[in-house]
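Below you'll find the structure, written out as C-alpha cells, and then a few comments.
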Amino acid sequence: MLDLKEIRKNPDKFIELLNRRNDDFSYLKDLINKDEERRELIGDIESTKAKKNTVSRKIGEYKRENKDPKPLFEEIKSIGKGVEAKETRLKELEEEITHSLLMTPNLPLETTPIGKDETDNNEIKREGQIPTFDFNPKPHWDLATDLDILDFDRGAKISKSRFTVYKGLGARLERSLLNFMMDLHAKDHGYTEIIPPYIVNKESMIATGQFPKFKDDAFNVGDDDKLFLNPTGEVPTINLYRDEILDGKDLPIKYTAFTTAFRKEAGSAGRDTRGIIRQHQFNKVELIKFTKPETSYDELEKMLQNSEKVLQVLNLPYRVVDLCTGDLGFAMRKTYDIEVWLPSYNTYREIASISNAEDYQARRGNIRFKRDKESDTEYVHTLNGSGLAVGRTVVAILENYQQKDGSIKIPEVLIPYMGVEYIK
RNA sequence: GGAGGAAUACCCAAGUCCGGCUGAAGGGAUCGGUCUUGAAAACCGACAGGGCAUGUAAGUGUCGCGGGGGUUCGAAUCCCUCUUCCUCCGCCA
Numbered sequence: 022m023l024d025l026k027e028i029r030k031n032p033d034k035f036i037e038l039l040n041r042r043n044d045d046f047s048y049l050k051d052l053i054n055k056d057e058e059r060r061e062l063i064g065d066i067e068s069t070k071a072k073k074n075t076v077s078r079k080i081g082e083y084k085r086e087n088k089d090p091k092p093l094f095e096e097i098k099s100i101g102k103g104v105e106a107k108e109t110r111l112k113e114l115e116e117e118i119t120h121s122l123l124m125t126p127n128l129p130l131e132t133t134p135i136g137k138d139e140t141d142n143n144e145i146k147r148e149g150q151i152p153t154f155d156f157n158p159k160p161h162w163d164l165a166t167d168l169d170i171l172d173f174d175r176g177a178k179i180s181k182s183r184f185t186v187y188k189g190l191g192a193r194l195e196r197s198l199l200n201f202m203m204d205l206h207a208k209d210h211g212y213t214e215i216i217p218p219y220i221v222n223k224e225s226m227i228a229t230g231q232f233p234k235f236k237d238d239a240f241n242v243g244d245d246d247k248l249f250l251n252p253t254g255e256v257p258t259i260n261l262y263r264d265e266i267l268d269g270k271d272l273p274i275k276y277t278a279f280t281t282a283f284r285k286e287a288g289s290a291g292r293d294t295r296g297i298i299r300q301h302q303f304n305k306v307e308l309i310k311f312t313k314p315e316t317s318y319d320e321l322e323k324m325l326q327n328s329e330k331v332l333q334v335l336n337l338p339y340r341v342v343d344l345c346t347g348d349l350g351f352a353m354r355k356t357y358d359i360e361v362w363l364p365s366y367n368t369y370r371e372i373a374s375i376s377n378a379e380d381y382q383a384r385r386g387n388i389r390f391k392r393d394k395e396s397d398t399e400y401v402h403t404l405n406g407s408g409l410a411v412g413r414t415v416v417a418i419l420e421n422y423q424q425k426d427g428s429i430k431i432p433e434v435l436i437p438y439m440g441v442e443y444i445k
C-alpha cells in the first residue's frame with residue numbers, strides 16, 4: 022500500500038510514475054480530497070468527544086461527592102449532537118480510501134524501463150552455453166511421455182487439465198531438485214528453511230497484494246471466502262511477521278521456503294497448454310527477506326545471485342531481464358526475471374522472479390521494526406525471489422539435457438540425489 | 001464433532017459478580033543509580049506499547065484490557081458476535 026501522506030505531498034509525481042503501468046491513476050487526486058474531508062471530520066469528532074469525556078468524568082465526581090449531577094446531564098445532551106452522522110460519514114470515507122489504496126499497485130522505480138509488456142523488458146545479461154543438438158530436440162512433454170515419467174492424461178482424469186502426475190524418475194527428479202535447492206540456500210546461502218501452511222487466509226492475501234484485485238486467480242478452500250490455497254510461498258512467508266514489530270538487530274531476516282503453489286490461471290486459457298510449463302499446482306522454492314530500507318537493494322542483488330547460482334550449478338543457460346513497467350508485478354517496485362533457455366521453444370522462458378516490494382507489503386501487512394528501544398517504528402522492506410520454480414526446472418533439464426536416444430543426462434550435482442546418471 | 005474453561009501491558013498476575021478517584025494493583029524481567037576492588041545481593045528510581053488527528057517542536061486530544069459491534073453521560077467490568085488457546089470426550093495420520 023502506498024503512503025497517502027507521501028502522495029499528498031506530490032500527487033503528480035505519483036500519478037506520473039504509476040501511469041507508466043499503462044493505466045490511469047488520476048483518481049489519486051480525488052483520494053486526497055477525501056482524505057482532507059476525513060481529517061477534518063476526525064478533528065471535529067475528537068474535540069466533541071473530548072468535551073463529552075470531561076463532563077462524564079465530572080458526573081462521576083459529583084456522584085462520589087453526593088452532589089446532584091442533573092445539570093450535567095442537560096449539558097452533555099447538547100454536546101453529543103450530530104456526531105453520529107459525522108462518524109458514519111467518516112467510516113464511509115475511510116473504507117473508500119482504504120479500498121482505493123489497496124487497489125493501487127506499487128510505484129515503479131524511476132529507473133524501471135518503461136514499456137507495454139514482456140517484449141519491452143530490458144535484458145541485463147546472458148549466461149551459459151546454449152546447447153546444440155545433432156538431432157531434432159524434442160519438447161519436454163514428448164520426452165517425458167516417452168520415458169513414462171510424466172502422465173498428463175491421468176493427471177487430468179484424477180483432477181482436471183493442468184494437473185500432472187509425476188512418475189518414477191520424474192517424481193524423483195522433482196524431489197531431488199527441491200532438496201538440492203533447499204540445501205543450497207539453507208546451507209550455502211544462509212537462509213533459514215521454512216515449510217509454511219499452504220492454505221492462507223484473506224488477511225494474508227491482502228498483505229502481499231493478491232487481494233482484493235486478483236481474487237479470481239486464487240482457489241478458495243471451502244467456498245466460504247475465508248481460506249485460499251497459496252499461490253506462492255511468498256504469501257505465507259511474508260505473513261510470518263504480519264502485525265509484528267521486529268528488532269532491528271535481527272535484520273535482515275532470510276528465509277527459504279518450500280511450498281506448493283496453486284493458481285487458477287484464470288487469464289491464461291489456451292496458453293502453454295502442453296507440458297508442465299503452466300500448471301494449477303507446482304512446487305517452488307522461494308527466497309524471502311525482511312530488510313532495513315537502506316539495505317534492500319543490496320539484498321536484492323544478493324538474492325538475484327543466490328537464485329542464479331541454482332542455474333549455474335545445474336549448468337543451464339539463462340538470461341536476466343529487468344522487468345519493464347508493463348510487466349512489473351502489482352506489489353513490486355523492481356523485479357528481475359531469470360529466464361532459462363528452452364530448446365523446444367527456441368527461446369528463454371521465465372523460471373524465477375526476484376523482486377523488491379520496498380515497504381508496500383509491509384504497510385499492507387503492518388510489518389515494522391525498531392532500530393532500538395527508543396527509536397520510532399519503521400516499515401521493513403520485503404523481498405522475494407524464486408529459488409527456483411521446480412517444475413520449470415524439470416522442464417529445463419529434460420529439454421537441455423536430452424540425448425539423441427531420448428534419454429536424459431542427469432546434471433552432475435543432482436546425481437547424488439537421483440542415484441542414477443541417466444533417465445532412460 | 002460434543003462438553004466445559006480462558007484471553008488484561010515484555011512475562012506472570014489482580015480487578016470483571018455490584019459500570020465512574022483503574023489512562024489499569026502486585027510481582028518478575030529490563031534500564032538507570034547507590035553500595036562494592038569487581039560482581040552478586042540489597043536498596044532507590046524509571047518502565048504500557050501502538051495507531052490516528054493537530055503542531056516546526058515541546059505538547060495536546062482521541063482510540064487502546066484478544067478482534068468487531070451494541071447498551072450507557074460513562075465499559076476491562078453489562079449485552080451480542082467473531083477469533084485464538086487450554087481441559088475432557090469422540091474421531092483420526
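So for the first sequence, our numbering puts the first residue at 22; every next one is plus one.
Ideal Cβ positions, reconstructed from N, Cα and C, are used throughout, including at glycine.
With DSSP as the reference, identify every bridge partner of residue i, one or two as the case may be.
| i | result |
| --- | --- |
| F303 | A282 |
| L267 | F390 |
| N327 | Answer is none; N327 lacks a bridge partner. |
| N405 | I309, S376 |
| V242 | L248 |
| K275 | K310 |
| I220 | L250 |
| I429 | Q423, I444 |
Go through its chain and collect everything with a Cβ distance to residue i's Cβ below 8 Å, but skip five positions before and after it.
| i | result |
| --- | --- |
| E442 | K430, I431, I436 |
| F184 | G176, A177, Q300, H301, Q302 |
| L38 | L128, P129, E131 |
| V411 | E195, L198, L199, M202, F303, N304, K305, V306 |
| G149 | L332, Q333, N336, L337, P338, Y339, W362 |
| V242 | I220, L248, F249, L250 |
| K181 | H301 |
How far does the beta strand (DSSP E) with residue i in it extend, from its first residue to its last?
| i | result |
| --- | --- |
| T133 | Looking at the DSSP string, T133 is not in any beta strand (DSSP E), and its letter there is neither H nor E. |
| T213 | 213-215 |
| Y339 | 339-343 |
| R370 | 368-379 |
Tell me where the alpha helix (DSSP H) around residue i begins and ends.
| i | result |
| --- | --- |
| A228 | 223-229 |
| E433 | Neither: E433 is in no alpha helix (DSSP H) and is coded neither H nor E. |
| H120 | 104-124 |
| D358 | From DSSP, D358 is part of no alpha helix (DSSP H) but of the beta strand (DSSP E) over 355-363. |
| G412 | 411-421 |
| I66 | 48-85 |
| I28 | 25-30 |
| T258 | 255-259 |
Can you list, in chain order, the residues of its chain whose CB lies under 6 Å from that of residue i, leaving out five sequence neighbours each side?
| i | result |
| --- | --- |
| Y422 | I429, K430 |
| G406 | L308, M324, S328, I375 |
| L164 | L419, Q423 |
If you run the structure through DSSP and keep just helix, strand and coil, what is residue i?
| i | result |
| --- | --- |
| A352 | coil |
| I100 | helix |
| N200 | helix |
| E144 | strand |
| T294 | coil |
| E399 | strand |
| I36 | helix |
| Y443 | strand |
| P92 | helix |
| R41 | coil |
| K208 | helix |
| G347 | coil |
| K137 | coil |
| K236 | helix |
| T316 | helix |
| G149 | coil |
Using C-beta distances below 7 Å, list every residue in its chain close to residue i, excluding the 5 sequence neighbours before and after it, in chain order.
| i | result |
| --- | --- |
| A417 | L337, V361, L363, I372 |
| K330 | L205 |
| K72 | I100 |
| V104 | I66, T69 |
Could you give the uninterrupted runs of the alpha helix (DSSP H) lying entirely in the region 158-191, keeping only those of 4 residues or more? 161-168, 173-179
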